[in-house]
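Worksheet: one structure, shown below.
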Amino acid sequence: MLGGCLKRWRLVLTATFLAISPGIVLAEEGGLGVPEHTSGAVSIPLENLGSLAPSDGLRVFVGPASACCEGRSPVTGRYRVAGDLAYFAPAFPFIEGQVYSALIMGTTIKEFVVGLDSLPEQPEVVAIYPSGPVIPENTLRFYIEFARPMQPHRAEEFIALQRADGTEDRAAFMSFKQELWNRDRTRLTLLMDPGRIKRGVATNLELGPALESGQSYALVVGDGWPGANGATLDKGFRAAFVVGDPLRTRPDPERWVASAPRLRTLDPLDIRFDRPFDHVQLRHAIVVQDTRGRPIGGSVSVLQNGSVWRFVPDDVWIDPEILVAVDATLEDVAGNNFREVLDHAVGTPAREVDEVTFKVTLTSP
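The opening residue of the sequence shown carries number 138 in the numbering used here; numbering runs sequentially from there.
Below, the structure written as C-alpha coordinates:
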(Lines of atoms letter the chains of each structure in order from A and count residues from 1; the text may use other names and numbers.)
(Lines give C-alpha, C1' and ligand atoms only; values in the text may rest on other atoms or scores of the structure.)
Protein backbone atom coordinates (compact mmCIF):
# COMPACT_ATOMS: atom_id res chain seq x y z
CA MET A 1 0.00 0.00 0.00
CA LEU A 2 2.84 2.37 0.83
CA GLY A 3 4.47 1.76 -2.53
CA GLY A 4 1.30 2.92 -4.27
CA CYS A 5 1.44 6.20 -2.39
CA LEU A 6 4.99 6.91 -3.44
CA LYS A 7 4.61 6.91 -7.20
CA ARG A 8 6.61 9.36 -9.31
CA TRP A 9 5.74 13.00 -8.84
CA ARG A 10 3.05 12.27 -6.26
CA LEU A 11 1.95 15.67 -5.02
CA VAL A 12 1.40 16.04 -1.32
CA LEU A 13 2.69 13.86 1.51
CA THR A 14 1.34 16.08 4.28
CA ALA A 15 -0.33 19.42 4.61
CA THR A 16 -0.02 21.61 7.67
CA PHE A 17 -2.56 24.39 8.10
CA LEU A 18 -1.63 27.40 10.19
CA ALA A 19 -3.65 30.40 11.33
CA ILE A 20 -5.67 31.78 8.41
CA SER A 21 -6.72 35.37 7.98
CA PRO A 22 -10.50 35.93 7.55
CA GLY A 23 -11.69 35.96 3.96
CA ILE A 24 -8.76 33.96 2.52
CA VAL A 25 -9.79 30.96 0.43
CA LEU A 26 -7.11 28.25 0.61
CA ALA A 27 -6.15 25.98 -2.24
CA GLU A 28 -7.74 22.58 -2.43
CA GLU A 29 -5.44 19.62 -1.70
CA GLY A 30 -4.71 19.26 -5.40
CA GLY A 31 -4.27 22.98 -6.03
CA LEU A 32 -0.48 22.82 -5.96
CA GLY A 33 1.05 21.22 -9.03
CA VAL A 34 4.56 19.73 -9.12
CA PRO A 35 6.66 19.11 -12.22
CA GLU A 36 7.05 15.88 -14.15
CA HIS A 37 10.79 16.48 -14.50
CA THR A 38 13.47 17.91 -12.18
CA SER A 39 13.83 20.84 -14.57
CA GLY A 40 10.13 21.67 -14.36
CA ALA A 41 8.18 24.18 -12.25
CA VAL A 42 5.70 24.27 -9.37
CA SER A 43 2.31 25.75 -10.25
CA ILE A 44 -0.70 27.09 -8.37
CA PRO A 45 -3.98 28.74 -9.46
CA LEU A 46 -3.80 32.53 -9.23
CA GLU A 47 -7.09 32.58 -7.34
CA ASN A 48 -5.43 30.72 -4.48
CA LEU A 49 -2.96 33.58 -4.01
CA GLY A 50 -5.62 36.22 -3.40
CA SER A 51 -4.24 39.67 -4.15
CA LEU A 52 -0.62 38.69 -3.53
CA ALA A 53 2.01 38.61 -6.25
CA PRO A 54 3.24 35.09 -7.06
CA SER A 55 6.65 35.85 -5.49
CA ASP A 56 4.88 36.75 -2.22
CA GLY A 57 2.13 34.16 -2.26
CA LEU A 58 4.17 31.10 -3.20
CA ARG A 59 7.60 30.30 -1.79
CA VAL A 60 9.41 26.98 -1.90
CA PHE A 61 11.81 25.73 0.79
CA VAL A 62 14.10 22.73 1.02
CA GLY A 63 13.10 20.25 3.70
CA PRO A 64 9.91 18.97 5.34
CA ALA A 65 7.09 21.07 6.77
CA SER A 66 8.41 20.45 10.28
CA ALA A 67 11.52 22.47 9.40
CA CYS A 68 9.72 25.24 7.53
CA CYS A 69 9.93 28.14 7.30
CA GLU A 70 10.94 30.70 9.94
CA GLY A 71 14.61 31.63 9.73
CA ARG A 72 15.03 29.80 6.43
CA SER A 73 15.80 31.23 3.01
CA PRO A 74 13.49 30.11 0.19
CA VAL A 75 14.76 28.44 -2.95
CA THR A 76 15.84 31.08 -5.45
CA GLY A 77 14.25 31.06 -8.89
CA ARG A 78 11.91 32.88 -11.23
CA TYR A 79 8.15 33.33 -11.43
CA ARG A 80 5.84 33.63 -14.41
CA VAL A 81 2.10 33.75 -15.03
CA ALA A 82 0.39 31.85 -17.85
CA GLY A 83 -3.38 31.82 -18.10
CA ASP A 84 -4.86 31.34 -14.63
CA LEU A 85 -1.72 29.70 -13.16
CA ALA A 86 1.39 31.07 -11.46
CA TYR A 87 4.60 29.10 -11.93
CA PHE A 88 7.84 28.92 -9.94
CA ALA A 89 10.99 27.44 -11.49
CA PRO A 90 14.12 27.12 -9.31
CA ALA A 91 17.40 28.64 -10.44
CA PHE A 92 18.83 25.10 -10.37
CA PRO A 93 16.80 21.95 -11.14
CA PHE A 94 14.91 20.23 -8.36
CA ILE A 95 16.71 17.26 -6.79
CA GLU A 96 15.19 13.84 -7.29
CA GLY A 97 14.09 12.33 -3.98
CA GLN A 98 14.36 15.64 -2.08
CA VAL A 99 11.53 16.74 0.20
CA TYR A 100 10.37 20.33 -0.40
CA SER A 101 7.81 22.53 1.33
CA ALA A 102 5.63 25.08 -0.44
CA LEU A 103 4.51 28.01 1.72
CA ILE A 104 1.25 29.38 0.33
CA MET A 105 -0.04 32.81 1.36
CA GLY A 106 2.32 32.65 4.32
CA THR A 107 -0.18 30.41 6.12
CA THR A 108 -0.28 26.94 4.54
CA ILE A 109 2.63 24.55 4.14
CA LYS A 110 2.46 21.64 1.72
CA GLU A 111 5.20 19.05 1.33
CA PHE A 112 6.06 17.42 -1.95
CA VAL A 113 8.73 14.99 -3.06
CA VAL A 114 10.44 15.16 -6.42
CA GLY A 115 11.03 11.88 -8.23
CA LEU A 116 10.22 9.30 -5.57
CA ASP A 117 9.52 6.02 -7.36
CA SER A 118 9.81 3.40 -4.69
CA LEU A 119 10.38 2.78 -1.03
CA PRO A 120 13.17 4.92 0.42
CA GLU A 121 16.74 3.68 0.26
CA GLN A 122 18.75 4.02 3.45
CA PRO A 123 21.31 6.83 3.35
CA GLU A 124 24.86 6.08 4.43
CA VAL A 125 28.17 7.86 4.84
CA VAL A 126 30.51 6.89 2.02
CA ALA A 127 33.68 8.71 3.06
CA ILE A 128 35.14 11.58 5.07
CA TYR A 129 38.04 13.66 3.75
CA PRO A 130 40.85 14.31 4.62
CA SER A 131 41.01 10.56 5.09
CA GLY A 132 44.60 10.07 6.17
CA PRO A 133 45.59 8.58 9.50
CA VAL A 134 47.56 11.78 10.16
CA ILE A 135 46.35 15.26 9.18
CA PRO A 136 47.92 18.72 9.75
CA GLU A 137 47.10 20.66 12.90
CA ASN A 138 45.71 23.53 10.81
CA THR A 139 43.46 21.45 8.54
CA LEU A 140 40.85 23.85 7.15
CA ARG A 141 38.02 21.66 5.80
CA PHE A 142 36.39 18.29 6.15
CA TYR A 143 34.12 16.78 3.52
CA ILE A 144 31.44 14.22 4.37
CA GLU A 145 30.13 12.26 1.38
CA PHE A 146 26.80 10.42 1.49
CA ALA A 147 25.37 7.76 -0.81
CA ARG A 148 21.98 9.53 -0.99
CA PRO A 149 20.84 13.18 -0.83
CA MET A 150 20.41 14.31 2.77
CA GLN A 151 18.12 16.75 4.54
CA PRO A 152 19.95 20.03 5.17
CA HIS A 153 20.10 22.16 8.34
CA ARG A 154 20.70 19.10 10.51
CA ALA A 155 24.51 18.95 10.67
CA GLU A 156 24.85 20.44 14.15
CA GLU A 157 22.56 17.74 15.51
CA PHE A 158 24.49 14.80 14.11
CA ILE A 159 28.13 15.82 13.63
CA ALA A 160 30.71 16.12 16.39
CA LEU A 161 34.47 16.52 16.67
CA GLN A 162 35.55 14.28 19.55
CA ARG A 163 38.81 14.23 21.45
CA ALA A 164 40.43 10.99 22.56
CA ASP A 165 38.68 11.19 25.93
CA GLY A 166 35.27 11.44 24.25
CA THR A 167 34.66 15.13 24.95
CA GLU A 168 33.25 17.17 22.08
CA ASP A 169 34.43 20.50 20.70
CA ARG A 170 31.25 22.33 19.69
CA ALA A 171 33.10 25.48 18.61
CA ALA A 172 35.43 23.84 16.09
CA PHE A 173 33.35 24.40 12.95
CA MET A 174 31.90 27.55 11.43
CA SER A 175 28.12 27.83 11.74
CA PHE A 176 26.35 29.13 8.64
CA LYS A 177 22.71 29.99 8.03
CA GLN A 178 23.00 27.92 4.86
CA GLU A 179 25.05 24.74 5.22
CA LEU A 180 27.73 24.13 2.60
CA TRP A 181 26.24 21.35 0.45
CA ASN A 182 26.95 20.44 -3.15
CA ARG A 183 24.02 20.74 -5.55
CA ASP A 184 22.50 17.30 -4.94
CA ARG A 185 23.22 17.38 -1.19
CA THR A 186 25.42 14.31 -1.15
CA ARG A 187 28.54 16.16 0.03
CA LEU A 188 28.72 18.46 3.04
CA THR A 189 31.66 20.79 3.63
CA LEU A 190 32.64 21.49 7.22
CA LEU A 191 34.81 24.60 7.53
CA MET A 192 36.98 24.85 10.61
CA ASP A 193 36.74 28.19 12.37
CA PRO A 194 39.76 30.10 10.95
CA GLY A 195 40.05 31.80 14.33
CA ARG A 196 41.01 28.42 15.80
CA ILE A 197 43.69 28.00 13.12
CA LYS A 198 45.36 31.38 12.82
CA ARG A 199 47.89 32.16 15.51
CA GLY A 200 47.54 35.22 17.70
CA VAL A 201 43.83 35.90 17.07
CA ALA A 202 41.28 36.19 19.86
CA THR A 203 39.48 32.89 19.33
CA ASN A 204 42.70 30.93 19.22
CA LEU A 205 44.01 32.63 22.33
CA GLU A 206 40.75 32.04 24.20
CA LEU A 207 39.87 28.49 23.16
CA GLY A 208 43.15 27.20 21.74
CA PRO A 209 43.48 25.37 18.41
CA ALA A 210 40.68 22.99 17.53
CA LEU A 211 43.26 20.35 16.62
CA GLU A 212 46.52 19.93 18.52
CA SER A 213 49.61 18.21 17.16
CA GLY A 214 50.22 14.80 18.69
CA GLN A 215 46.62 14.34 19.84
CA SER A 216 43.99 11.88 18.59
CA TYR A 217 40.50 12.87 17.42
CA ALA A 218 37.49 11.49 15.59
CA LEU A 219 34.92 13.14 13.34
CA VAL A 220 31.65 11.40 14.18
CA VAL A 221 28.41 11.33 12.20
CA GLY A 222 25.59 10.04 14.39
CA ASP A 223 22.80 7.76 13.25
CA GLY A 224 19.26 9.02 12.75
CA TRP A 225 20.07 11.78 10.23
CA PRO A 226 17.16 11.82 7.75
CA GLY A 227 17.86 11.64 4.06
CA ALA A 228 16.02 13.72 1.49
CA ASN A 229 13.66 10.79 0.87
CA GLY A 230 12.71 10.46 4.55
CA ALA A 231 14.77 7.35 5.32
CA THR A 232 17.23 7.80 8.18
CA LEU A 233 20.89 7.00 8.56
CA ASP A 234 20.74 3.78 10.61
CA LYS A 235 24.48 3.36 11.00
CA GLY A 236 26.76 6.14 12.18
CA PHE A 237 30.28 6.77 10.90
CA ARG A 238 33.48 7.48 12.77
CA ALA A 239 36.69 8.75 11.13
CA ALA A 240 39.61 8.60 13.58
CA PHE A 241 42.90 10.40 12.98
CA VAL A 242 46.04 11.71 14.65
CA VAL A 243 47.06 15.34 14.30
CA GLY A 244 50.52 16.13 12.93
CA ASP A 245 52.54 19.29 12.46
CA PRO A 246 50.84 22.29 10.81
CA LEU A 247 51.38 23.28 7.16
CA ARG A 248 52.37 26.94 6.94
CA THR A 249 54.22 27.20 3.62
CA ARG A 250 53.16 27.52 0.00
CA PRO A 251 53.03 24.32 -2.08
CA ASP A 252 56.35 23.55 -3.77
CA PRO A 253 55.98 22.06 -7.31
CA GLU A 254 59.75 21.53 -7.41
CA ARG A 255 59.18 18.69 -4.98
CA TRP A 256 56.42 17.05 -6.99
CA VAL A 257 57.15 13.81 -8.84
CA ALA A 258 55.29 13.05 -12.10
CA SER A 259 55.25 9.61 -13.67
CA ALA A 260 56.16 9.30 -17.37
CA PRO A 261 53.40 7.50 -19.32
CA ARG A 262 54.38 5.49 -22.38
CA LEU A 263 53.47 6.73 -25.85
CA ARG A 264 50.59 4.98 -27.61
CA THR A 265 49.28 3.50 -24.35
CA LEU A 266 46.61 4.35 -21.80
CA ASP A 267 49.14 4.53 -18.98
CA PRO A 268 48.01 6.84 -16.17
CA LEU A 269 49.79 10.09 -15.40
CA ASP A 270 50.46 10.17 -11.66
CA ILE A 271 51.59 13.29 -9.81
CA ARG A 272 52.86 12.82 -6.28
CA PHE A 273 52.66 16.08 -4.32
CA ASP A 274 54.78 17.49 -1.52
CA ARG A 275 51.69 17.49 0.75
CA PRO A 276 48.00 16.48 0.78
CA PHE A 277 45.71 18.78 -1.19
CA ASP A 278 42.00 19.59 -0.96
CA HIS A 279 40.20 16.46 -2.14
CA VAL A 280 37.39 18.26 -3.98
CA GLN A 281 39.48 21.01 -5.60
CA LEU A 282 41.91 18.45 -7.01
CA ARG A 283 39.19 17.13 -9.30
CA HIS A 284 38.99 20.33 -11.35
CA ALA A 285 42.08 22.45 -10.61
CA ILE A 286 44.58 20.50 -12.77
CA VAL A 287 44.33 20.26 -16.56
CA VAL A 288 46.43 18.09 -18.89
CA GLN A 289 47.17 19.70 -22.27
CA ASP A 290 49.05 18.95 -25.45
CA THR A 291 51.96 21.21 -26.38
CA ARG A 292 49.56 23.54 -28.24
CA GLY A 293 47.57 24.14 -25.07
CA ARG A 294 44.55 22.03 -26.02
CA PRO A 295 42.99 20.02 -23.14
CA ILE A 296 43.35 16.26 -23.27
CA GLY A 297 40.23 14.37 -22.23
CA GLY A 298 40.41 11.82 -19.44
CA SER A 299 39.30 10.81 -15.95
CA VAL A 300 40.74 11.95 -12.62
CA SER A 301 41.28 10.02 -9.39
CA VAL A 302 42.55 11.33 -6.07
CA LEU A 303 44.68 8.80 -4.20
CA GLN A 304 46.62 8.39 -0.97
CA ASN A 305 44.66 10.90 1.06
CA GLY A 306 45.04 13.72 -1.47
CA SER A 307 48.79 13.28 -1.93
CA VAL A 308 48.57 11.66 -5.39
CA TRP A 309 46.61 12.82 -8.45
CA ARG A 310 45.99 10.30 -11.23
CA PHE A 311 44.86 11.07 -14.80
CA VAL A 312 43.85 8.34 -17.25
CA PRO A 313 43.44 9.59 -20.85
CA ASP A 314 40.37 8.78 -22.92
CA ASP A 315 42.62 7.87 -25.87
CA VAL A 316 46.20 6.69 -26.11
CA TRP A 317 48.97 9.23 -25.61
CA ILE A 318 50.17 10.54 -28.99
CA ASP A 319 52.32 13.56 -28.08
CA PRO A 320 55.88 13.01 -26.86
CA GLU A 321 55.42 15.90 -24.44
CA ILE A 322 52.40 17.09 -22.47
CA LEU A 323 51.72 20.12 -20.30
CA VAL A 324 50.21 20.06 -16.83
CA ALA A 325 48.48 23.32 -15.81
CA VAL A 326 47.62 23.85 -12.14
CA ASP A 327 45.26 26.60 -11.00
CA ALA A 328 47.17 28.84 -8.58
CA THR A 329 44.16 28.91 -6.24
CA LEU A 330 44.39 25.14 -5.59
CA GLU A 331 44.64 24.74 -1.82
CA ASP A 332 46.30 22.17 0.33
CA VAL A 333 44.27 20.76 3.23
CA ALA A 334 45.36 23.73 5.38
CA GLY A 335 44.09 26.36 2.92
CA ASN A 336 47.50 27.39 1.55
CA ASN A 337 47.75 27.98 -2.20
CA PHE A 338 50.44 29.07 -4.67
CA ARG A 339 49.75 32.74 -3.98
CA GLU A 340 49.80 32.86 -0.19
CA VAL A 341 49.58 30.88 3.02
CA LEU A 342 46.36 31.08 5.02
CA ASP A 343 48.06 31.99 8.30
CA HIS A 344 50.14 34.93 7.04
CA ALA A 345 51.18 38.14 8.72
CA VAL A 346 49.05 41.21 8.01
CA GLY A 347 50.49 43.13 5.07
CA THR A 348 52.28 40.16 3.52
CA PRO A 349 51.85 40.53 -0.26
CA ALA A 350 50.46 37.63 -2.26
CA ARG A 351 52.32 36.29 -5.27
CA GLU A 352 50.89 37.40 -8.59
CA VAL A 353 50.43 34.05 -10.28
CA ASP A 354 47.38 32.55 -11.94
CA GLU A 355 48.72 29.19 -13.05
CA VAL A 356 51.62 26.84 -12.45
CA THR A 357 52.66 24.74 -15.47
CA PHE A 358 55.27 22.08 -16.14
CA LYS A 359 56.10 19.61 -18.90
CA VAL A 360 56.11 15.82 -18.76
CA THR A 361 58.09 13.86 -21.35
CA LEU A 362 56.57 10.53 -22.31
CA THR A 363 58.64 7.38 -22.76
CA SER A 364 58.81 4.83 -25.56
CA PRO A 365 56.28 1.98 -25.36
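Even glycine gets a Cβ: it sits at the ideal position worked out from N, Cα and C.
With fewer than 16 other Cβ atoms from the protein chains shown falling within 10 Å of its own Cβ, residue 218 counts as exposed.
Between residue 423 and residue 463, the alpha-carbon positions lie close to 5 Å from each other.
CA-to-CA, the gap between residue 383 and residue 413 works out to about 12 Å. At least 8 Å separates the beta-carbon of residue 275 from that of residue 415. Scanning its chain for C-beta atoms nearer than 6 Å, with the 5 sequence neighbours on each side dropped, one finds around residue 205 the residues 198, 238 and 246, in chain order. For residue 183, the three-state secondary structure derived from DSSP is helix. By the Cβ test, the segment 392-405 is not in contact with the segment 286-297, since fewer than three Cβ pairs between them sit closer than 8 Å.
In the DSSP assignment, residue 381 falls outside any alpha helix (DSSP H) and within the unbroken beta strand (DSSP E) covering 374-381. Under the Cβ criterion (8 Å, minimum of three pairs), the segment 216-232 does not count as touching the segment 294-312. In the three-state scheme derived from DSSP, where H, G and I count as helix and E and B as strand, residue 282 is classed as strand. Here DSSP, grouped into helix, strand and coil, assigns residue 274 to coil. Comparing C-alpha distances from residue 302 to each of 281, 267, 295 and 353 shows the shortest one belongs to 353. Excluding sequence positions up to five before and after residue 363, its CB lies within less than 6 Å of the CB of 288 and 369, all in the same chain and listed in chain order. Scanning 494, 388, 261 and 471 for the CA closest to the CA of residue 458 turns up 494.
Residue 231 and residue 499 have their C-alpha atoms some 45 Å from each other. Taking a contact as a CB-CB distance under 8 Å, the pair residue 285 and residue 366 counts as one, their CB atoms being some 7 Å apart. The beta-carbon distance between residue 437 and residue 420, rounded to whole angstroms, is 5 Å. This is short enough to meet the 8 Å contact definition. Listed in chain order, the non-local C-beta contacts of residue 385 below 6 Å within the same chain comprise 478 and 480, local neighbours out to five positions each way being set aside. Taking 3 residues as the shortest admissible run, the segment 413-491 contains the following complete beta strand (DSSP E) segments, listed from N- to C-terminal end: 423-426, 435-440, 445-450 and 458-464. DSSP places residue 350 in the coil class of the three-state scheme, outside both helix and strand. Around residue 191, the same chain offers 216 and 223 as residues with beta carbons nearer than 6 Å, after the five sequence neighbours per side are excluded. In the three-state reduction of the DSSP assignment, residue 261 falls in the coil class. With contact defined as three or more Cβ pairs closer than 8 Å, the segment 387-395 and the segment 255-274 are not in contact. About 5 Å separates the beta carbon of residue 324 from that of residue 282, a gap short enough to meet the 8 Å contact definition.
One thing to note: residue 168 has its Cβ within 8 Å of the Cβ of residue 181.
Only exposed fits residue 259, as fewer than 16 other CB atoms lie within 10 angstroms of its CB. The continuous beta strand (DSSP E) containing residue 407 extends over residues 406-409.
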